[in-house]
Amino acid sequence: MQENGGAIAPHLRRLLEFVEPDRDDVCLDVSRGRGPMPAALGPQVRHLTAVDAMRLPVPAAAVAATAPTPRRRMSTVEFGTGPVRIADGDALPAATTREDHVPHPLGPDHTRIRADATALPYRDNTFSLVTARFSLYNLGDPDHVLRELLRVCRPGGRVVIADLVRGNLAGPDRDRIERLRDPDHPGTPSIARLTEMITSAGGSIRRLDVFTVERPVEPWLAGACDEATAERIRTALVAEVDGGPRTGAKPRVIGGELWFTQSWAHVAAEPIP
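Last residue of the sequence shown: 276 (this note's numbering), numbering continuous.
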C-alpha cells in the first residue's frame, strides 16, 4: 500500500527492509482482511499470493506469559531500535482499522484467495518467502498457524512474522486496556514467548527487530467496541498523564493530542530441515 502521495509509511518501510524481498522470491502473505503487505511486496518479488484468512478461535493458553527454553535456535541479531512514530492516517495494525476494508490491487501476476491459515491449501516447500503481519493471533491457534507457515516455506527460505509483543520482564497488565478496547483480544506475547513458539513449530530464528511505536490514541480508539468503552480508556490514559495509576500504555500528550506506546517485533525464521 502506498500513502501520502506515493510514499510508503515509515513503519511499513522498516518491515520491508527487514523482509529483504528478492526479485526471484515466490511469496505468500497471510493476513486477516486485506492488509498492506501484498501491494507493498508485489512489485519486489516474482510472484505473490495473498491469503485473506478466516478468523478462528484462539486458545487462551496460546499467549501464556512464561515460556520454556527454545529447543533449537541460532544466534539472534538485534537490529537498531528506537521509537517509531505513527501519525494519524498511517496504516495501523488492528483488526478493525481501514486496512481490512480497503481493496489493495495486486496486479496481473499475483493471486488473492481466502483460506484457513491452520490448513493452507499448498504443498510443502512451495514458497521462498512467507509473511504474516499483525495477524498471527487472529487466525486461529497460533502454534498451528506457525507450523503451516513453516511447512509451505522452502528450505533456505524465510518466514517473517510482525506482531505486537511485550518485554520479557513486563507483566500482562498492559493487556487490560487492549481487552477493554477489544474483548476478543487474545493477549500480547512476550518476546521470549513469540520466539519460543516459532522454534517449537520447527523454525530457526535468524533475525529479530524489536522497537517502540508511539501512536495517536483516537484512531486506535475508533476500533473500540463502543463509545462508552473508548471514553473509559481515554479517561484512564489522561489520568496517567496527570500522575494517576499506570496503564502500561505510557501515554503522553504530543502537540495537544494524546498518544500511547506499543512494542512491535519483526522476526525472521527459516524452516529446520
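All C-beta atoms in this analysis are idealised placements derived from N, C-alpha and C, irrespective of residue type, glycine included.
In this structure, the beta-carbon distance from ILE194 to ALA272 does not fall below 8 Å.
Within a 10 Å sphere around the beta-carbon of ARG161 sit 16 or more other beta-carbons, which makes this residue buried. With a cutoff of 8 Å on beta-carbon distance, SER266 and VAL168 are scored as near each other. With contacts defined as CB atoms closer than 8 Å, ARG150 and GLY205 qualify as a contacting pair. In the structure shown, VAL155 adopts coil according to DSSP, grouped into three states. DSSP lists no beta-bridge partner residue for VAL241. Judged by DSSP secondary structure, ILE201 falls within the alpha helix (DSSP H) whose first and last residues are 194-203.
C-alpha of VAL29 to C-alpha of LEU44: approximately 11 Å in a straight line.
In this structure, HIS113 sits away from HIS188, with a CB-CB distance that is not shorter than 8 Å. Scanning ALA225, LEU152, PRO145 and GLY159 for the CA closest to the CA of GLU181 turns up ALA225. Membership of ASP178 in any beta strand (DSSP E) is not indicated; the residue belongs instead to the alpha helix (DSSP H) covering 178-184. Along the length of the region 16-43, whole beta strand (DSSP E) runs at least 3 residues long occupy 29-34, reported in chain order. A Cβ-Cβ separation of about 5 Å places THR129 in contact with VAL155 under the 8 Å criterion. Rounded to whole angstroms, the gap between the alpha carbons of LYS253 and THR264 is 6 Å. Around the CB of GLU199, 16 or more other CB atoms lie within 10 Å, so the residue is classed as buried. Here LEU240 has VAL220, THR250, ALA252, PRO254, LEU261 and PHE263 as same chain residues with Cβ atoms under 7 Å from its own Cβ, once five neighbours each way along the sequence are excluded. Considering only ASP27, VAL33 and GLN47, the residue with the shortest C-alpha distance to ARG16 is GLN47.
Boundaries of the beta strand (DSSP E) around PRO219: 206-219. DSSP places ASP229 outside both helix and strand once states are collapsed to three, so it counts as coil. Short of 6 Å from the beta carbon of LEU123, and not among the five residues preceding or following it, lie these beta carbons of its own chain, in chain order: GLU151 and VAL155. When rounded, the separation of the alpha-carbon atoms in PRO41 and ALA53 is 6 Å. For SER266, the enclosing beta strand (DSSP E) covers residues 260-274. Secondary structure note for THR121: it is in no beta strand (DSSP E), with a DSSP letter that is neither H nor E.
Collapsing the DSSP output to three states places ASP146 in a helix.
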